[in-house]
Each structure stands twice: as C-alpha cells, then as structure tokens.
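Encoded as structure tokens, the structure appears first; notes follow it.
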Amino acid sequence: MSAEVPSVEPMRTRDDIRRWWDADAEVYDRVPNHALSDPVEAAAWRAALTANLPPPPARILDAGAGTGAIALLLAELGYPVTALDLSERMLERARDKAAERGLEIDFVVGPVEEPPAGPFDAVVERHVLWTTLDPQAVLRSWRAAAPGGRLLLLEGLWSAQGVVARARSLLAERLRGRRREHGGHHGGHHAAYDPHLVARLPLAAARTPRPLLRAVVGAGWVAPRIVRLRDVEWARHLAAGEPLGTLQHAPQYAIAAEDRRN
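The numbering used here puts the last residue of the sequence shown at 262; the count rises by one with no breaks.
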C-alpha cells in the first residue's frame, strides 16, 4: 500500500471520531467555555489571538473549528478565516452563528490532517490535537499549508497531576455530577469518549506540554515559545463560580512557532 492511501484502521478510527463529534454538536455549545459565550472569556481569547498572530489581513486556517468559537472571534477581529472540521454537523452550527453575526467565513468539511491548500499566513487550533492519531503528521500538513507562516496552538492540560490535583478534580466532577442530575449533561458533552479510542490518541493523557512541543519541532516548525493563558483561566473561574471555579483548575496555554523554510 502506498503512503498516500490511509490504512483501513485509521479510517475506521476517523469515522468513529467524526460520528462522536456529529452527535456532540447537539449539546456542545451549552457550555460557555465551548461556545465562548461568556463575554469575559471571549475577550480573554481575543487578547490571546491578537498577541500571538500577525495582524489582519493575514489569512488564517482554524483547524478543527468545531462550532466556530475561534473562527468567529478571528472574523470579528478582521481576519479572513477558513474553518476546517471533520464534523459537518459541528460546522453547521458554526455557519448558523456566522450568518447571525453577519460574518464571512469559508467553511470546509474534512479531516484536520488534510487542510485546504491555502496558502495561509497562520494556522490556529484550540483543543484539537489531542483527538488526532498522529499529531506530528497533522502539524506537518499544517506547515505545508502555511509556508513561511505562523502556528498557534491553544491548549490545556486536562489530566490532573499529584494527589492534591487529583482530589480537586474528583471533587469538581462530583459537583458537575450534581449539576447533571438537575438538568445538566455529561461534562459538557453528550457522552464520554470511548476509552479504547482514547488509548490510541498520543496526546489524550498528556500531563505537560512537552509531548506537544516535541511534535511541533518534529514537524519542522521552529522557534516554539509557550505562554500560560492566565486571563482565560481567570475568566473561566469567574464564570464557574465557587467552589467549582477553584476546583476545576485546568491550565490553559498557547504555543506559537514559525515556518522558516523560505
């Protein structure tokens, strides 16, 4: 089999991932930090985007755009945006929101490892790479789509480290469970991710940014730098209220890097 033809097993896994996110489209935006519907958190993300991207009219690819939270913010900031996602149902939500706000965004249905040709000036993703089977290959494909451009990864650490962090995480989950009993839903999603699928995802259980940084460098991006997104964390704390805001502490961070092949 040639290198260009995907093997059957990754294709099955991709289909499983697509079906899961298609189903999740029904509930995804009910959580403010998914939809970025909280104005304080939205403002914090705008600040992170403008601080780490070239100014408009730089052409941006939002890879794994989902229901369009980041793509919408980018369009509001004056960027020409292409929103790419594997899930057609997630992008349907994004299209509706863009139409409601009078924003022009180019929507493309497809896997993140097969981006449109571009060329783009920057590629942005938020909380997407953990869902991929080969993050380094995905990052390499984004580099090909943005020759001489910028990479911006907006990420978080979801696996609790240490006894205290795990205890806080368990308490937070108990509180979220009580909220679900009163009409909420499963951690902001329609269901838990299949543990057999999670086991095949290299970044799903990452406890530090190091594996992601290795993938960035391995894909040929250079000069990576990392910054903690404390304003985003603060906004989420405010939105969650107490005691959940203190307990559900997941560090948020950005990694930026360049393609300097030219």
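Glycine residues also receive a C-beta, built at the ideal position from the N, C-alpha and C atoms. Quantities reported herein were computed from a predicted structural model and do not represent experimental measurements.
Separation of residue j from residue i, as counted between CA atoms
i, j, result
"W234", "A71", "22 Å"
"A257", "R89", "31 Å"
"L238", "V31", "14 Å"
"T13", "L197", "7 Å"
"A205", "G156", "11 Å"
"L73", "A42", "8 Å"
"D121", "D29", "28 Å"
"R93", "A25", "7 Å"
"T82", "L91", "11 Å"
"P80", "G102", "14 Å"
"A58", "G149", "10 Å"
"A99", "A47", "24 Å"
"L49", "Q252", "14 Å"
"L201", "T132", "6 Å"
Residue i - containing beta strand (DSSP E), residue span
i, result
"R126", "122-126"
"R150", "150-156"
"E104", "Per DSSP, E104 belongs to no beta strand (DSSP E) and is neither H nor E."
"L61", "60-63"
"R140", "Where R140 is concerned, there is no enclosing beta strand (DSSP E), although the alpha helix (DSSP H) it sits in stretches over 135-145."
Own chain residues within Cβ distance below 8 Å of residue i, not counting five before or after
i, result
"D194", "D16, W20"
Residue i, enclosing alpha helix (DSSP H) - first and last residue
i, result
"I70", "69-76"
"G218", "210-218"
"D194", "Premise fails: D194 is in no alpha helix (DSSP H) and is neither H nor E."
"D43", "Here residue 43 is Ala; the residue named in the question, Asp, does not match the sequence. From DSSP, the alpha helix (DSSP H) with A43 extends over 39-52."
"V232", "230-240"
Of the listed residues the options, nearest to residue i (C-alpha basis)
i, options, result
"D134", "G102, A94, D121, V216", "V216"
"R225", "L157, L151, A58", "L151"
"A75", "R95, L86, S87", "R95"
"G118", "K97, R101, L84", "L84"
"W221", "P251, L154, R260, K97", "R260"
"P55", "P251, L77, P115, S37", "L77"
"I60", "A23, P115, S87", "P115"
"A23", "W45, R207, L86", "L86"
"N263", "D38, A219, V227", "Any property of residue 263 remains undetermined from this structure, which presents the chain solely from 1 to 262."
"R140", "A219, A223, D38", "A219"
7 Å CB neighbourhood of residue i in its chain, flanking five on each side removed
i, result
"A137", "E113"
"A250", "G156, L157, W158"
Cβ of residue i within 7 Å of any chain C Cβ
i, result
"P202", "Structure shown: chain C not included; a single protein chain is present."
Same chain, Cβ closer than 6 Å to residue i, five either side skipped, listed in chain order
i, result
"L129", "P135, L203"
"L154", "R126, A254"
Are three or more beta carbon pairs between the stretch 124-132 and the stretch 51-65 nearer than 8 Å?
Taking one beta carbon from each stretch, the stretch 124-132 and the stretch 51-65 have 3 or more pairs nearer than 8 Å; the two touch.
Determine contact between the stretch 103-110 and the stretch 142-162, defined as no fewer than three beta-carbon pairs at a distance below 8 Å.
Taking a cut-off of 8 Å for Cβ pairs, the stretch 103-110 and the stretch 142-162 do not touch, as fewer than three such pairs fall below it.
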